[in-house]
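Visitor: Sharing a structure here in structure tokens format.
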Amino acid sequence: MKTLSYLGAALLALSSLVPVGCNAQSKLNYATSWLGNTFGYGDGKWMQQDIQAINVAPDGTVYVNCGWDESGSEIAAYKNGDRLAVGGATHGWGASGGEAIASNRTYVYAAMSIGNQNNGLTGADYPPVNQQWYGITRRLVSNIAQGAPFASGIANSANATRNSFLVVDTVSTGTDAGIRGLAANDTTLYVSDQYANQVIAYDANTMQRLRSFNVTSPGRIAIDTDSTLWVITGAMTGQYAIAHYSSSGVPIVGAPVLPAGVVPTDISIAPSGQLVISDNGRSQQLLIYNKSASGLTTPAGSMGTARGIFHNAGAVQLGSYNGITGFGFDQAGNLYVGQNSEGPRQLNSPSVGAGAVLQAFTGVSRALRWELDGLLFVDGATFDPASENTIYTGSKVFTMNWNNPAGKQWTYSAFTVDRFNYPDDPELHLGRLVRGEPMLRRLNGGKPYLYALDPYSHELYIYRFDPAHGNIAIPSGMFAELPIAGGYPAGQPAVGEWMWRDTNGNGGIDANELTSNPSASSTIGNSFIWVDSLGNVWFGTPTKGIRELPLQGFDSLGNPVYDYAAAKTFPTPAIFTGTGRVLYVPETDTMYVTGYTAAHPWNLSLWKEAGPILARYDNWTTGHPTQRYVVPLQWNLQSNPPVTTVGVAAAGNYVFVAQLYTQRIDVYDASTGQEIGYMTPGATVGNTSGQVDVELGISATLRSNGEYDVLVEDDARAKIVVYQWKP
């Protein structure tokens, strides 16, 4: 058969481009599963993505609050391993959740904030121009979605929480005045107003202010059996201490002196009467103190494994905590611990947690009663090439048992971020403090290397592993397409692209380890970055061709070595006016390219999309690539919702393309480009999933049993959707 010329094939293919919906498409026969969340949403439930605070009611109901959950479950109630309710009215239209929560027999009190969305929201429900409210929403214990209004309550006039918000602080937009502690009994609500350095007492029923007293940066509060108050101080300053006050604010001597390095995050009174403090410092434990009749406190041990999840180099084990943000006891003495793999949100931080874990333990044995997980947000997933039963996300490892039912196949087995030994890890400094979308490659004699792409493909982070550090991903290198705003990392070039390699092995980005690109064509911003199976890094640049940075080898520490001088640039195929995605397969010298054409041009609104055209090129690196095909992808900007593409993955004999708005995965024959069918979320995940919010939100593998497993980001409900398809 005679091969069409490069240009001739392009013109023939482009002449066939037609709007979406003209080709017959069939739904494939597949199963839908998920990983990373206890609930799949098949029953309408999901575990929220973050835990910033918990409150435990006497009957074991656990109330949770956080600043942001993608689907609006900032405030929720859980009991006996099940989700009871979502509070709502804390998401969108200027509203956000918060970092504190409390309850009594009648009400739930939760910290939240209300803004005006850059002055776009007006009226009595919103703060004045250029201002923001921080305060407390009061809900009914009997129905946390129902507000409990009071005379001075305001806001939310259009929903069920009307006039149930108490303004504590009105501040300039952008000022973080979040409430960091709440405690309540049936008569009094105590509020830690860290912005004004005071604890305020309100009548728990009328919500009228009763009194206040000065406390430096107060955090969590616990009400003791004698009505005295235990308060974490210095919560937002780093000068942590524990203070003891009478209910009227008179200091009481005898509060514990915290050991060096302790970062207190919550405080509670155990059923035994002991004072218990959670530590998000290196110990990652619950610290126990005895109290004498005179009020003096003495250390009495701890609960949980010393160093938490880091005791065994990131391995997930029972009793090994990771980022305790709240804990408490029920009347039966059962212990409840909320974690988010990070700790409480720091002042002015955009963090939304790094994975929620809520655990319940029996009162005496501390055996696990139940656990709820919401582990993933803006996080893709990828298979370990050496094991079809191992899946990596940006910061976690999951072990799969494919014989189990949908949603029960996964086990959370490891956490790969060590914020104590590697505080300069880019994950801890950039974006919303998420590592990004993973590509796990086996290199350097079969060793695992994690390449993580930031959600918008502006940076690529490189991590190595070694036996001495177990599951911990050691920061090893980095590529940045452009200088990064905000001062991190220090010493980066002011113009153009740069790379980093950890030449001294400390996992920190030192200025003398940074290399800028000296070439005149160094500015390649907004490229899509792909790492092939041999560790070569590919940049699908907007205007400067498709560039390869070949892996040059490894240094003595095991870091991958790259050199701008070794870069190779291949011309963008003539049919494309801009590239969206590039996927190179070195085993067959095949390049897949998606992007835009003169007939279907790119515009600024398509900043995240992959483009309407898919092309395959064989013999890519020979200098004489052969165009195998050019095919139109599903694409219709006029439909509602729009039909566009956002992610591309190739495995075995197929190419999988994720649509952005329509929750659909289109499947193409990799050899011919023919569309053979599609997959959408099944009933096990509620027949829905969130939009794919990242540029590398899909991956796929061909397992040894002939099944294709496709992993798709679903940050709407803190999970990865798994499609299992056997042609």
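If you use this note's numbering, the sequence shown corresponds to residues 322 to 1048, in order.
Beta carbons are placed, not taken as given, at the ideal position from N, Cα and C, and that holds for glycine.
Predicted model only: the values in this text are computed from it and were never measured.
Excluding the 5 residues flanking Tyr975 on each side, which residues of the same chain have their C-beta closer than 6 Å to its C-beta?
Guide: Val988 and Ala991
Visitor: Under three-state DSSP, which class holds Gly709?
Guide: The question names Gly, but residue 709 in the sequence shown is Glu. In the three-state DSSP reduction, Glu709 falls in the strand class (E or B).
Visitor: Would you call Leu639 buried or exposed, if buried means 16 or more other Cβ atoms sit within 10 Å of its Cβ?
Guide: exposed
Visitor: Determine the extent of the beta strand (DSSP E) in which Lys1047 is found, giving its start and end residues.
Guide: It is not in any beta strand (DSSP E) - Lys1047 carries neither H nor E in the DSSP assignment.
Visitor: Could you check what DSSP says for Leu696 in three-state terms: helix, strand or coil?
Guide: DSSP, reduced to helix, strand and coil, places Leu696 outside both helices and strands of the structure shown, so it counts as coil.
Visitor: For the region 959 to 992, which segments carrying the alpha helix (DSSP H) assignment without a break, of at least 4 residues, lie completely within its bounds, in sequence order?
Guide: none
Visitor: Provide the residue span of the beta strand (DSSP E) that contains Arg822, from first to last.
Guide: Residues Trp819 to Arg822.
Visitor: When the Cα atoms are used, what is the spatial distance from Gln519 to Ser493?
Guide: 19 Å
Visitor: Suppose only complete runs of 4+ residues qualify. What are the alpha helix (DSSP H) ranges in the region 422 to 506, listed by chain order?
Guide: Segments of the alpha helix (DSSP H) lying fully in the region 422 to 506: there are none.
Visitor: Are the C-beta atoms of Ala431 and some chain D residue less than 9 Å apart?
Guide: Going by chain labels, chain D is absent from the structure shown, which holds only one protein chain.
Visitor: Flag this pair as yes or no: are the beta carbons of Gly357 and Gly1007 separated by less than 9 Å?
Guide: No, Cβ-Cβ distance for Gly357 and Gly1007 is not below 9 Å.
Visitor: Please report the residue range of the beta strand (DSSP E) in which Gly419 lies.
Guide: First-last for Gly419: undefined, no H or E at that position.
Visitor: Name the one or two DSSP bridge partners that Leu870 has.
Guide: Val858
Visitor: Using the three-state DSSP reduction, which class does Thr1005 fall into: helix, strand or coil?
Guide: helix
Visitor: Please report the straight-line C-alpha distance between Pro448 and Asn440, rounded to a whole angstrom.
Guide: Roughly 9 Å separates the two Cα atoms.
Visitor: Is the region 594 to 610 touching the region 684 to 691, taking contact as three or more C-beta pairs under 8 Å?
Guide: The region 594 to 610, when compared against the region 684 to 691, does not touch it at the 8 Å Cβ threshold.
Visitor: Tell me whether Asp403 is buried or exposed, calling it buried when 16 or more other Cβ atoms sit within 10 Å of its Cβ.
Guide: exposed
Visitor: Determine the closest residue to Asp884 out of His945, Met799 and Ile805, with distance taken between C-alpha atoms.
Guide: It is Met799.
Visitor: Output yes or no for whether 9 Å exceeds the beta carbon distance between Trp819 and Asn838.
Guide: yes
Visitor: Assuming contact is defined by CB atoms lying nearer than 9 Å, are Ser478 and Ala543 in contact in what I supplied?
Guide: no
Visitor: Check each candidate in Phe471, Gln438, Ala476 and Thr482 and name the one with the smallest Cα separation from Ile396.
Guide: With distances taken between Cα atoms, Ile396 lies closest to Thr482.
Visitor: Need the endpoints of the beta strand (DSSP E) that Val377 sits in, please.
Guide: Ala374 to Val377
Visitor: Give me the Cα-Cα distance between Leu754 and Pro894, rounded to the nearest whole angstrom.
Guide: Pro894 has its alpha-carbon roughly 36 Å from the corresponding atom of Leu754.
Visitor: Let me confirm a value: Phe486 is counted as buried when at least 16 other C-beta atoms fall within 10 Å, else exposed. Which label applies?
Guide: buried
Visitor: Ala887 to Val858, Cα distance in whole Å?
Guide: Roughly 12 Å between the two C-alpha positions.
Visitor: Any contact between the region 640 to 652 and the region 369 to 382? By contact I mean 3 or more CB pairs, one from each, below 8 Å.
Guide: yes
Visitor: Given Gly829, which residues of its chain have a CB within under 6 Å of its CB, disregarding the five upstream and five downstream residues?
Guide: Asp745
Visitor: Work out the CA separation of Tyr428 and Thr496 for me, nearest whole Å.
Guide: In this model, Thr496 and Tyr428 are separated by some 28 Å (Cα to Cα).
Visitor: Would the beta-carbon of Met433 fall within 9 Å of that of Gly413?
Guide: no
Visitor: Taking only the alpha-carbon atoms, compute the straight-line gap between Tyr430 and Ile422 and give it to the nearest angstrom.
Guide: 6 Å
Visitor: Using DSSP's beta-bridge definition, name the partner residues of Ala675.
Guide: Paired residue(s): none; Ala675 is not in a bridge.
Visitor: For Arg756, I'd like the list of residues in its chain whose CB is within less than 6 Å of its CB, leaving aside the five on either flank, ordered along the chain.
Guide: Gly715, Ser716, Glu748 and Ala773
Visitor: Measuring only the C-alpha atoms, how far is Ser347 from Thr915?
Guide: 23 Å
Visitor: Buried or exposed for His945, going by 16 or more other Cβ atoms inside 10 Å?
Guide: exposed
Visitor: May I have the straight-line CA-CA distance separating Val738 from Gly812, to the nearest angstrom?
Guide: 24 Å
Visitor: Quick check on Trp731: does DSSP put it in helix, strand or coil?
Guide: Of the three classes helix, strand and coil, the one that applies to Trp731 here is strand, per DSSP.
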